[in-house]
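Colleague: Provided herewith is a single structure, encoded as structure tokens, for subsequent inquiry.
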Amino acid sequence: MIGKALLIPFACALAAPVQAPETIAITLANFRYTPETIALRQGQPYVLRFTNAAKGGHDFVAREFFAAAGVAAEDRAKLEDGGIEVPGRTTVGIRLTAPPAGRYPVHCSHFLHSTFGMKGMIVVS
């Protein structure tokens, strides 16, 4: 019994540390995302925190990105057709693990919003 008790600290020291997710703040406003380009590292955990600074609704559609990312099970219901809806003056968060390296386009699917400039890019390295 004593021998097993002595091994516990060593077993804990060998366990891989759990990396805390980095929070990325993304602001949705009238016809723009800030930042316009979001840089992530593949395989790393993140919380994407979307804040809609406008009165009206916006969304953040990145179909290829969300399809390839490891979205937390409890946050999958927030996604619809590859995007996340963010009502006016609200904040919505989603936890995920970044997908493989690549460039993933982003746009707002609300009528004419992307035409007026509400688009961006997620770059995973």
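What the sequence shown shows, in mature numbering (1 follows the signal peptide of the UniProt record, and there is no 0), is residues -20 to -1, 1 to 105, in sequence order.
Note that the Cβ used here is the ideal one computed from N, Cα and C, for glycine as well.
Source: prediction; values computed, not measured.
1) If you drop the 5 nearest sequence neighbours on each side, which residues of the same chain put their C-beta closer than 7 Å to that of Gly36?
2) Put Lys99 into one of helix, strand or coil per three-state DSSP.
3) Three-state secondary structure (DSSP) at Asp39?
4) Can you name the start and end residues of the beta strand (DSSP E) that His87 belongs to?
5) Pick helix, strand or coil for Ala33, following the three-state DSSP scheme.
Modeller: From the atom records:
1) If you ignore the 5 residues before and after Gly36, its C-beta comes within less than 7 Å of the C-beta of Gly68, all in its own chain and listed in chain order.
2) Three-state result, Lys99: strand.
3) Strand, per DSSP.
4) Counting along the chain, the unbroken beta strand (DSSP E) around His87 starts and ends at Gly82 to His87.
5) Of the three classes helix, strand and coil, the one that applies to Ala33 here is coil, per DSSP.
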